[in-house]
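Numbering (the numbering used here), first residue to last: 1 to 156.
Every residue gets a Cβ at the ideal spot worked out from N, C-alpha and C, and that includes glycine.
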Amino acid sequence: MSTNYSLYAVPIAWGLCMAPHFYAAGISLSSNDPGIPKFANASPREWCARVRGLEKKSPEVKRILRAEAASQNGFETLALFSAAVVAGNAAGLSRDELNKWVLAYLASRVVYNVLYINTRNEILSLARSCSWMSGIGIICTLFYKSIAAIDAARLI
């Protein structure tokens, strides 16, 4: 029997939400462009608002903004993913099945982050949207399988 890694996936997913934010902060701190505000850990949301408010959107600024948006999007789906993982465990889904679905979700988030940060055209934005939809589809699949397992257990 394999190990159930599904609950470990929740903090890993959180890390995938934070990674683009750290990347954005790193860009600002390493930039030689005096027009890009340096990341301020004391007030990160204010820093992001200052970057967003820049009139001149250099490629570095656009990358910072896309990385911050990828981070925010990850947090928007994190609670739903976490609930689906808990539901799958509570419903008694097999370890192999849980591991397969959470790994697929984490992979979709990695692809999403990379595509979002690097999107420069409509084709990449469509690929990004497909990776987001696949992640949401995986979450819905976990919920569906959990509901089916609970219903099957009640029929016995």
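**OP:** Mark Gly74 as exposed unless 16 or more other C-beta atoms lie within 10 angstroms of its C-beta, in which case mark it buried.
**Re:** Buried is the label assigned to Gly74, since at least 16 other Cβ atoms lie within 10 Å of its Cβ.
**OP:** Apply the 10 Å Cβ neighbour rule to Ile156 and answer buried if 16 or more other Cβ atoms are within range, or exposed otherwise.
**Re:** In this prediction, Ile156 scores a pLDDT of 47, lower than 50, which makes its location untrustworthy; no coordinate-derived value is stated.
Subject >> Exposure label - Cys140; buried when at least 16 CB within 10 Å >> reply: With fewer than 16 Cβ atoms within 10 Å of its Cβ, Cys140 is classed as exposed.
Original post:
Do you know whose CA, among Lys57, Gly26, Asn32 and Gly35, lies nearest Pro44's CA?
Top reply: Scanning Lys57, Gly26, Asn32 and Gly35 for the CA closest to the CA of Pro44 turns up Gly26.
Subject >> Ser30 beta carbon less than 8 Å from that of Gly88 >> reply: Contact flag unset, no.
Original post:
Thinking just about the alpha-carbon of each residue, which of Ser131, Ile64, Ser82 and Leu93 is nearest to the one in Ser2?
Top reply: Checked all of Ser131, Ile64, Ser82 and Leu93; the closest Cα to Ser2 is Leu93.
Subject >> Among Ala79, Pro59 and Ile36, nearest to Gly135 - alpha-carbon criterion >> reply: Nearest option by C-alpha distance: Ala79.
Subject >> First and last residue of the uninterrupted alpha helix (DSSP H) at Leu98 >> reply: Membership of Leu98 in the alpha helix (DSSP H) is indicated by the continuous run Arg95 to Asn118.
**OP:** Inspect the beta-carbon positions of Leu16 and Asn113 and report whether they are closer than 8 Å.
**Re:** The answer is yes: Cβ separation under 8 Å.
**OP:** Compute the distance between the beta-carbons of Val10 and Val85, then report whether it is under 8 Å.
**Re:** Yes, the pair counts as a contact, with Cβ atoms nearer than the cut-off.
**OP:** Tell whether a beta-carbon distance below 8 Å holds between Ala83 and Ala24.
**Re:** Not closer than 8 Å, so no.
Original post:
What is the DSSP secondary structure of Ile36, reduced to helix, strand or coil?
Top reply: When secondary structure is reduced to three states using DSSP, Ile36 falls in the coil class, being assigned neither helix nor strand.
Subject >> Presumed contact (8 Å Cβ cut-off) between Asn4 and Arg154, rounded CB distance >> reply: Here Asn4 is actually not in contact with Arg154; their C-beta atoms are around 23 Å apart, not less than 8 Å.
Original post:
For Ser28 versus Pro37, is the C-beta spacing smaller than 8 Å?
Top reply: A contact, by the Cβ cut-off of 8 Å.
Subject >> Closest residue to Tyr144 among Ser131, Trp101, Arg52 and Asn118 (Cα-Cα distance) >> reply: That would be Trp101, whose Cα lies nearest to the Cα of Tyr144.
**OP:** Can you give me the start and stop residues for the alpha helix (DSSP H) that Glu46 sits inside?
**Re:** From DSSP, the alpha helix (DSSP H) with Glu46 extends over Pro44 to Arg52.
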